[in-house]
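In this text, residue positions in the sequence shown follow our numbering: the first is 2, and each later residue adds one. Backbone N, C-alpha and C define an ideal beta-carbon position, used for all residues, glycine too. Contents: one structure, followed by commentary.
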Amino acid sequence: MSTSRSSSSTRGRAGGPSASSGASSAPLLEIGRVGRPHGTGGEVTVTLVSNRPERLEPGSELQTDLGILQVSAARPHNKRHLVAFVGIDDRSKAEALRGLVLRAAPIVDPDELWVHELIGARVVDQAGTDRGVVASVLANPAGDLLELTDGALVPLRFLVRSVPGKLVEVEVPDGLFETAT
Numbered sequence: 002m003s004t005s006r007s008s009s010s011t012r013g014r015a016g017g018p019s020a021s022s023g024a025s026s027a028p029l030l031e032i033g034r035v036g037r038p039h040g041t042g043g044e045v046t047v048t049l050v051s052n053r054p055e056r057l058e059p060g061s062e063l064q065t066d067l068g069i070l071q072v073s074a075a076r077p078h079n080k081r082h083l084v085a086f087v088g089i090d091d092r093s094k095a096e097a098l099r100g101l102v103l104r105a106a107p108i109v110d111p112d113e114l115w116v117h118e119l120i121g122a123r124v125v126d127q128a129g130t131d132r133g134v135v136a137s138v139l140a141n142p143a144g145d146l147l148e149l150t151d152g153a154l155v156p157l158r159f160l161v162r163s164v165p166g167k168l169v170e171v172e173v174p175d176g177l178f179e180t181a182t
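Set out below in structure tokens:
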């Protein structure tokens with residue numbers, strides 16, 4: 002099970018060509034940001050904040066403050082992607098996109114959890130003890146952490162089951178909550 006960050010934490014996971022650009026009622030998630038132009042043909046650098054590079058597959062439609070941009074081509078480049086959008090065919094048009102936030106609807110994946118689904122959920126351990134409420138999800142190089150309202154931190158890898166927005170069941174080693182307070 003993995004987590005996806007919503008736009009509130011600046012990361013999101015969501016789909017490629019099948020993702021809508023806002024036509025559905027699902028909240029749009031930030032999936033990347035346009036950087037500087039690359040070359041003279043209209044390509045731009047894009048820094049993804051999503052771990053789903055398929056977001057940039059040709060045909061994908063991404064919502065921006067200027068409207069919908071359709072991806073015509075994309076390829077990895079260093080730690081970014083070089084992306085061409087339909088209708089953006091020269092450097093000056095590409096420059097006008099600099100700084101735009103790219104958004105898309107979430108990908109429906111039953112094995113993924115979304116940060117906004119975890120926030121506000123009650124946390125119960127394997128003994129059935131109520132451990133509090135998820136206040137936020139913190140990015141950590143070793144793995145995301147659930148931060149509870151009392152300040153306790155629970156590694157997300159201990160999550161066993163989740164009912165979005167209602168309940169998070171965790172299986173933690175003995176003593177975790179005692180050392181957290």
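Legend entry - Beta-carbon proximity check, V116 vs V169, cutoff 8 Å: No, the Cβ-Cβ distance between V116 and V169 is not below 8 Å.
Inset, instruction - Give the DSSP-derived three-state secondary structure of R132 in the structure shown. - result: R132: strand per DSSP, three-state reduction.
Inset, instruction - Can you tell me which of the three DSSP states R53 falls into? - result: Of the three classes helix, strand and coil, the one that applies to R53 here is coil, per DSSP.
Inset, instruction - Identify every run of the beta strand (DSSP E) within the stretch 139-179, keeping only runs that are complete inside it and at least 3 residues long; order them along the chain. - result: With a minimum length of 3 residues, the continuous beta strand (DSSP E) runs that stay inside the stretch 139-179 are 146-149, 154-156, 160-164 and 168-171.
Legend entry - For H82 and L101, the rounded distance between their alpha carbons: L101 and H82 have their C-alpha atoms roughly 15 Å apart.
Legend entry - Reduced DSSP secondary structure (H/G/I, E/B, other) of V125: Secondary structure at V125: strand, using DSSP grouped into helix, strand and coil.
Inset, instruction - Express the C-alpha separation of G121 and R37 in angstroms, rounding to a whole number. - result: Roughly 38 Å between the two C-alpha positions.
Inset, instruction - Kindly indicate which three-state DSSP category A85 falls into: helix, strand or coil? - result: A85: strand per DSSP, three-state reduction.
Inset, instruction - Within the same chain, show all residues whose beta-carbon is closer than 8 Å to that of V125, passing over the 5 residues directly before and after it, in chain order. - result: In the same chain as V125, and ignoring 5 residues on each side of it, the C-beta atoms closer than 8 Å to its own belong to D131, R132, L168, V169, E170 and V171, in chain order.
Inset, instruction - Assign L30 to one of three DSSP states: helix, strand, or coil. - result: L30: strand per DSSP, three-state reduction.
Legend entry - beta-carbon L49 near the ligand SAH non-hydrogen atom, thresh 7 Å: Absence of the ligand SAH from the depicted structure is noted, as is the absence of any ligand whatsoever, leaving it without description.
Legend entry - CB of I32 within 8 Å of CB of A95, strictly: No, Cβ-Cβ distance for I32 and A95 is not below 8 Å.
Legend entry - Reference P142, options A153, G42, L157 and T150, closest by Cα: When only C-alpha atoms are compared, the closest one is L157.
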